[in-house]
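Going down the list, the sequences are from chains A and R. The first sequence runs 1 to 307 under this note's numbering. The second sequence runs 308 to 838 under this note's numbering. Glycine included, each C-beta is placed from N, C-alpha and C at the ideal position. Before any comments, here is the structure.
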Amino acid sequence: MKPCLLLTLTCLHFSNVFVCQANHSNNWAVLVDTSRFWFNYRHVANVLSIYRSVKRLGIPDSQIILMVADDMACNPRNPSPATVYNNADQQLNVYGDDVEVDFRGYEVTVENFVRLLTGRLPPDTPRSKQLLTDEGSNILIYLTGHGGDGFLKFQDSEEVTSQELADALEQMWQKRRYHEIFFMIDTCQASSMYEKFYSPNILAMASSLVGEDSLSHHVDPAIGVYIIDRYTFYALKFLENVKLKSRISMKNFLGVCPKQDCISTVGVRTDLFHRDPAKVPITDFFGSVRPVELTFNFLDISNTPLQ
Amino acid sequence: MDVIEKDNESSVTVKTSATNDSDEIWEIIDKEDDEDLRNLSAAVYAFILLVIGIPLWWRMTEVQRHPLPYSQISELSSMDIVIATDIFVFTKNPSDTERIIEHIYTKFNSTMFSVKAQTSTLIHSDDTFEKLETAITPLGSLQLIETTNVDSIVAGLGRNVYFPPATDISILMDSLERLLQTDALSDSMISMLNPGKHSEDAQVVAERQRRVRPSSNYNVLLTVVNPEPDKLRVSWKPEIPLNRYLQPLLNQLQLIANFSVQSQWLYLIDLIQKPVNLNGTFVLDKNQAQYIITPLEKKLGSGVSRDPCIHFVVYVTPCSFIPLYFHENNQLTTAMMSARWGGVQFLNADQIRCNESTESFIPDDLSIMSPIVTQFHSLIGVPDVSKYVLLMPHRSSTLRTWQLDSMYRLKIVEQYTNARITLTSLARLLGEISNIVIIEEVGKAVTESVEAAINVLQCLEKGQLEEALKFSKIAFETSEFAFTHPSLLALLYFPDDQKYAVYIPLFLPVMIPVLMSLKGVKKWIQLKYKI
Chain A
1 MKPCLLLTLT
11 CLHFSNVFVC
21 QANHSNNWAV
31 LVDTSRFWFN
41 YRHVANVLSI
51 YRSVKRLGIP
61 DSQIILMVAD
71 DMACNPRNPS
81 PATVYNNADQ
91 QLNVYGDDVE
101 VDFRGYEVTV
111 ENFVRLLTGR
121 LPPDTPRSKQ
131 LLTDEGSNIL
141 IYLTGHGGDG
151 FLKFQDSEEV
161 TSQELADALE
171 QMWQKRRYHE
181 IFFMIDTCQA
191 SSMYEKFYSP
201 NILAMASSLV
211 GEDSLSHHVD
221 PAIGVYIIDR
231 YTFYALKFLE
241 NVKLKSRISM
251 KNFLGVCPKQ
261 DCISTVGVRT
271 DLFHRDPAKV
281 PITDFFGSVR
291 PVELTFNFLD
301 ISNTPLQ
Chain R
308 MDVIEKDNES
318 SVTVKTSATN
328 DSDEIWEIID
338 KEDDEDLRNL
348 SAAVYAFILL
358 VIGIPLWWRM
368 TEVQRHPLPY
378 SQISELSSMD
388 IVIATDIFVF
398 TKNPSDTERI
408 IEHIYTKFNS
418 TMFSVKAQTS
428 TLIHSDDTFE
438 KLETAITPLG
448 SLQLIETTNV
458 DSIVAGLGRN
468 VYFPPATDIS
478 ILMDSLERLL
488 QTDALSDSMI
498 SMLNPGKHSE
508 DAQVVAERQR
518 RVRPSSNYNV
528 LLTVVNPEPD
538 KLRVSWKPEI
548 PLNRYLQPLL
558 NQLQLIANFS
568 VQSQWLYLID
578 LIQKPVNLNG
588 TFVLDKNQAQ
598 YIITPLEKKL
608 GSGVSRDPCI
618 HFVVYVTPCS
628 FIPLYFHENN
638 QLTTAMMSAR
648 WGGVQFLNAD
658 QIRCNESTES
668 FIPDDLSIMS
678 PIVTQFHSLI
688 GVPDVSKYVL
698 LMPHRSSTLR
708 TWQLDSMYRL
718 KIVEQYTNAR
728 ITLTSLARLL
738 GEISNIVIIE
748 EVGKAVTESV
758 EAAINVLQCL
768 EKGQLEEALK
778 FSKIAFETSE
788 FAFTHPSLLA
798 LLYFPDDQKY
808 AVYIPLFLPV
818 MIPVLMSLKG
828 VKKWIQLKYK
838 I
């Protein structure tokens with residue numbers, strides 16, 4: 001009797017989750033790696049791994065904006081050209097054969113990033129480089145690179161400050177360019193980047209608190225450099241178990257990479273987010289499930305006037 | 308730098324001339340001249356740098372802000388939308404007419420509508436039903452007609468609403484409210500102004516969430532997917548039915564937006580979800596159905612333009628799954644729709660055609676187009692009032708005149724509210740973020756948009772829907788243009804602390820010697836003019 005009751009309760013809980021689901025009408029992802037040079041191989045591996053995960057969970061390439069600041073797959077130091085691995089066992093080539101990079105190399109600048117978010121792009125920008133979101137869009141923003149207290153470095157030459165990022169998000173909110181945002185950042189002192197946010201409906205997660213470094217996970221001796229960061233490694237491990245139909249909530253995801261795994265403390269900010277993360281399915285941000293309704297009654301159009 | 312160089316030169320001169328005794332007198336004069344020259348040049352440098360240079364630098368690094376009509380923008384938020392609407396009432400009994408008119412006034416007192424109800428003079432009591440239908444009524448108005456030809460309230464094809472004698476007035480008023488869409492209009496406005504707030508009517512909210520986002524151009528893309536071209540040949544020309552059934556509707560909507568229609572064929576695309584066999588019929592239930600759009604979407608190629616795209620997918624059922632339907636609550640249908648995106652329908656071929664590869668399958672135009680037109684109506688925001696009011700059969704893809712009027716009102720409110728939000732948030736952002744640049748072009752667009760927005764309100768108050776629609780489109784487009792203009796960001800990634808970090812190392816080394824020489828210049832002036 002007891003397990004049966006438990007089962008019913010779980011179902012009830014999950015059906016609750018499903019009711020909340022139809023709030024947004026589409027999903028977008030903005031995935032950014034901001035650092036170049038061979039020793040930052042791990043940042044490219046980070047961003048490509050997240051890219052693969054969201055793509056596997058259904059966000060189409062037309063709704064993923066991928067910014068990669070350097071081309072590790074074609075780097076002369078890469079012992080196996082045209083591949084990027086995120087694990088020393090080299091099971092999975094995250095570069096794959098269907099990666100659509102929207103901004104690459106020196107196109108990855110603070111200016112382009114802020115322009116992308118705020119929609120202030122030159123009129124001749126191709127559609128693949130535009131974030132065409134509306135008030136029904138949920139956006140996943142993932143940033144990785146080198147940062148410090150209050151800034152994230154782009155391309156070793158410039159940086160975006162937490163204030164600029166907060167202002168850009170506020171402009172998106174003012175223009176009704178999103179419904180909800182999940183902001184994820186893997187960099188040193190990462191939580192400093194979301195501290196200045198002041199726009200509603202943003203759930204933020206960072207790999208480390210202010211004053212802490214974010215650490216890398218392991219070296220691949222064949223490649224010779226660190227190949228993935230700790231936080232992203234454990235986040236991916238979690239995402240690998242997520243299926244499009246699985247009912248895992250954002251609260252579970254916010255608990256990934258505890259201190260014994262990450263060494264740094266993962267920071268979470270929920271005060272701007274109006275929903276309870278325990279009731280938000282992870283596919284609200286990492287997947288794409290469009291709300292559907294069946295059409296039963298069709299119009300009779302048999303006498304449409306001829307032109 | 309120059310000053311120092313000159314210094315060296317003169318010291319060389321001093322050295323060489325010192326060897327010559329006769330030039331001693333010249334040397335003194337030279338020295339005097341030299342000091343004059345040196346101090347003069349230092350004074351000139353100081354003048355150029357301090358009096359011309361600094362103001363010029365200040366002016367040039369100033370964030371350019373073309374003046375915006377702030378007061379008018381803030382006025383917009385205090386102005387209410389008032390839509391002047393005529394309602395003509397016709398009954399056999401003048402006292403009934405008066406009573407209905409009175410009720411109309413009390414009902415629409417506190418809404419966006421400023422209703423002018425009056426006794427209809429447009430028709431006669433002995434007019435036939437056909438003649439009533441052809442009565443010419445002004446744009447945006449409605450005509451309530453009491454007639455024995457109907458058993459309940461019926462909305463006609465023009466702007467007539469028929470009701471039988473002895474209809475309960477409150478029911479009549481509710482129907483009138485539905486036809487004028489008071490709830491949908493205010494919901495559309497409230498939800499845009501305060502995200503999270505919305506109408507209490509679930510249907511109104513659902514209809515709003517289904518509508519494609521406001522834009523002045525849309526793409527309509529019809530994709531026919533044949534997953535097994537080797538087994539089944541389909542012979543169908545989508546452009547013929549599109550022209551026949553969809554184009555008249557698009558022509559009717561030309562004041563609202565431009566629609567560009569395209570069609571394409573795709574092959575060998577799998578549905579991914581496995582249909583369930585239900586007594587010989589294959590079904591996909593609603594839960595499975597929501598997972599078929601995303602895999603399809605990857606192949607559709609919406610990347611042709613930045614305008615919103617309305618997709619319609621006609622999926623030819625693979626031979627092994629014929630007949631295939633969507634399934635919900637024991638009901639079967641061939642079509643489903645996703646909000647703001649478009650629709651998908653299954654095209655079930657005859658099982659015989661599957662094996663005989665010689666003959667191709669010719670689908671029926673009408674049965675493909677009617678789901679498409681139905682879904683298109685929902686996606687562009689044609690109100691569904693069939694639950695509340697009986698509709699006179701139209702048998703056409705085009706809109707009834709009163710439906711088109713309410714589409715106009717909806718678009719006006721939507722575009723005007725959008726422009727208002729954009730303008731007020733732009734004005735607020737300029738206060739919050741000091742680095743936003745406003746060039747002349749943007750400033751002009753903002754002014755144009757504000758003027759158009761004010762014109763929208765004025766035209767609505769006069770009941771001129773077409774003009775108001777035109778102005779709302781201008782207001783919407785120019786405010787979008789201004790808000791998303793690339794020049795707004797010209798300085799955003801160059802904050803103040805960076806400004807000083809760049810200019811101080813650049814100018815300070817030059818300024819120090821200039822400022823220090825000012826002391827010498829002062830002494831020289833005092834000496835020269837014996838002050």
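Excluding the 5 residues preceding and the 5 following residue i in the sequence, name in chain order all residues of the same chain whose CB lies nearer than 6 Å to its CB.
i: R/LEU557; result: PHE566
i: A/TYR142; result: LEU31, ILE50 and MET184
i: R/TYR469; result: ILE452, THR454, VAL457 and VAL461
i: A/ASP134; result: none
i: A/SER25; result: GLY136
i: A/ARG77; result: TRP38
i: R/ILE390; result: MET419, PHE420 and LEU767
i: R/ARG647; result: VAL519
Could one say the Cβ of residue i lies closer than 9 Å to chain A's Cβ atoms, at least one of them?
i: R/PRO502; result: yes
i: R/VAL527; result: no
i: R/ARG466; result: no
i: R/THR705; result: yes
i: R/PRO700; result: yes
i: R/ASP470; result: The sequence shown places Phe at residue 470 of chain R, not Asp. It does not: the Cβ of R/PHE470 has no partner Cβ on chain A nearer than 9 Å.
i: R/THR791; result: yes
Does the beta carbon of residue i sit closer than 9 Å to a beta carbon anywhere in chain R?
i: A/THR232; result: no
i: A/LYS175; result: yes
i: A/LEU306; result: yes
i: A/SER214; result: no
i: A/LEU244; result: yes
i: A/THR118; result: yes
i: A/LEU31; result: no
i: A/ASN26; result: yes
Return the chain-ordered list of same chain residues with a C-beta closer than 8 Å to the C-beta of residue i, the five sequence neighbours on each side being excluded.
i: R/SER703; result: PRO555
i: R/GLU342; result: TRP831
The alpha helix (DSSP H) spanning residue i covers which residue range?
i: R/MET676; result: 672-687
i: R/CYS766; result: 747-769
i: A/ASN112; result: 110-118
i: A/ALA29; result: No alpha helix (DSSP H) contains A/ALA29, which is instead part of the beta strand (DSSP E) from 26-33.
i: R/GLY863; result: The first residue shown for chain R is 308 and the last is 838, placing residue 863 of chain R beyond what the model contains.
i: R/ILE361; result: 361-368
In chain order, what residues of the same chain lie with their CB nearer than 7 Å to the CB of residue i, ignoring the 5 residues before and after it?
i: R/GLN595; result: GLN580
i: R/ASP577; result: PRO534
i: R/ILE746; result: GLN371, HIS373 and SER794
Which residues in chain A sit within 7 Å of residue i, going by Cβ to Cβ distance?
i: R/LYS593; result: VAL292 and LEU294
i: R/GLU604; result: PRO60
i: R/ARG520; result: ASP134
Start and end of the beta strand (DSSP E) containing residue i?
i: A/VAL280; result: Element bounds for A/VAL280: n/a, residue is neither H nor E.
i: A/GLY267; result: 267-269
i: A/VAL219; result: 216-219
i: A/ASP186; result: 180-186
Counting only Cβ pairs nearer than 8 Å, list the residues of chain A close to residue i.
i: R/LEU673; result: ILE301 and SER302
i: R/THR729; result: LYS175
i: R/SER612; result: ARG127
i: R/PHE633; result: LEU294
What does residue i reach in chain A if we use C-beta pairs closer than 9 Å?
i: R/ALA808; result: Result: empty, since nearest Cβ-Cβ is about 12 Å, beyond 9 Å.
i: R/GLY650; result: THR295
i: R/ILE687; result: Result: empty, since nearest Cβ-Cβ is about 13 Å, beyond 9 Å.
For residue i, return the contacting residues in chain R, with the cut-off set at a CB-CB distance below 8 Å.
i: A/SER192; result: Here the premise fails: no neighbours, minimum Cβ distance about 16 Å.
Which chain B residues are close to residue i, counting only those with a beta carbon under 9 Å from its beta carbon?
i: R/SER495; result: In the structure shown, chain B cannot be found, because the protein chains are A and R.
Can you list the residues of chain R that residue i reaches, using a CB-CB cut of under 9 Å?
i: A/PHE103; result: Correct list: empty, because the minimum Cβ distance to chain R is about 15 Å.
For residue i, go through chain R and note every residue whose CB falls closer than 7 Å to its CB, in chain order.
i: A/PHE298; result: SER677, PRO678 and THR681
In the stretch 265-290 of chain A, which residues sit with their C-beta less than 7 Å from some C-beta in chain R, listed in chain order?
-> SER288, VAL289 and ARG290
When you check each C-beta in the stretch 122-144 of chain A against every C-beta of chain R, which residues fall closer than 7 Å?
-> PRO122, ARG127, SER128, GLN130, LEU132, ASP134, GLU135 and GLY136
What residues in the stretch 738-760 of chain R bring their beta carbon closer than 7 Å to a beta carbon of chain A?
-> ILE740
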